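Notes follow once the structure below has been shown.
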Amino acid sequence: KEQDAHRKAIDVYTFLGIEPGITVADLWPGGGYNTHLLSRLMGDDGKVYCMMGFYGSGRYDTLDKIEERIKEANLSNVQIFSKPSDLPVGSIDVMVSIRNYHDAKTPRDQLLAELHAALKPNGILGIVDVATDHPGWDDETHRLNEQVVIDECTSNGFELVESSDMLRNPDDDHSIRGFDEGRHTMDRYLLKFRKVAK
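Each number in our numbering comes from the position in the sequence shown (counting from 1) with 340 added on.
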């Protein structure tokens, strides 16, 4: 709960057009923070697809933790999928990728093609990741330049609809690493993409 003020999850969901009763996908959910919130928000008429693995994500295997959370909290509207290609085609209204797009194995064209296929026409892909002044990927700080994400997505069937500064932190000098103390206050970008016909 101490991180809630920094995550601004409900504000992020609102920005992306997430509302009760739709089908959302939590991409690579970690410990299930967003899966849990989305499940409550979706209600009985909505669905949450919990997509466990991006490519190359073996060291982040949290399936047991997710299954336990679903059971203990009775998140009955959550379904687990192992990989992007398992997601039902044309079934999802909004996808969220919260601070994990950078961990997907490059090139990400196949990943984006599978996400594109799973979205409904005009479906939304929302990406939050950590900002850097470094061009491209900064392995030292575990940050990915915003323009890389924009270029990759717009080259693979998505259009950038809008971006938001709600998660920005001008006091972050971009030297904090993704695993350091204070990582929850890092400067982050929020991008909203829409699926377009390829």
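Backbone N, C-alpha and C fix where the C-beta goes; we use that ideal spot for every residue, glycine too.
All of these numbers come straight from a predicted model, not from anything done at the bench.
Of the residues the options, the one placed nearest residue i, counting alpha carbons only
i    : options                : result
S515 : C493, D478, V536, K405 : D478
L484 : Y373, G497, I467, I362 : I467
K460 : V352, A345, V364, Y353 : V364
G476 : H482, V488, L465, D469 : V488
S416 : D443, S431, L377       : L377
L507 : L427, T446, A471       : A471
K348 : Y529, L427, L500, K387 : Y529
G430 : D443, H442, I410, Y389 : Y389
R523 : L367, R439, L451       : R439
M392 : A413, D449, N374, E486 : N374
D511 : T525, D366, V501       : T525
P369 : D449, F355, E502, Y441 : Y441
D366 : E502, V434, N462, L452 : V434
P428 : A457, D527, N462, Q450 : A457
D469 : S495, N509, Q450, I432 : N509
Residue i burial status per 10 Å Cβ neighbour count (16 or more: buried)
i    : result
I350 : exposed
G396 : Unreliable positioning characterises G396 in this predicted model, as indicated by a pLDDT of 47, which lies under 50. A coordinate reading is not provided.
A345 : exposed
T446 : exposed
E408 : exposed
R399 : No answer about R399 holds up, because its pLDDT of 48 lies below 50 and its placement is not dependable.
S422 : exposed
Y353 : buried
D505 : exposed
L500 : exposed
Identified DSSP bridge partners for residue i
i    : result
A365 : Y389, M435
K532 : G466, E502
F421 : M391
L452 : Beta-bridge pairing links L452 to no other residue.
D478 : R483
L459 : I432
Assumed close pair residue i, residue j - CB separation to whole angstroms, cut-off 8 Å
i    : j    : result
I490 : L531 : 7 Å
L455 : P424 : 6 Å
V436 : G497 : Actually they do not touch by this definition, with Cβ atoms about 18 Å apart.
G372 : I406 : 5 Å
R517 : H474 : Not confirmed; about 12 Å, so no contact.
I410 : L381 : Rounded, the Cβ-Cβ distance is 15 Å, inconsistent with contact.
Item to check | Start-end ranges of the beta strand (DSSP E) lying completely within the region 368 to 409, minimum 3 residues | outcome: 387 to 391
Checklist entry - Counting only runs that start and end within the region 480 to 530, where is the beta strand (DSSP E) found for 3 or more residues in a row? => result 498 to 504
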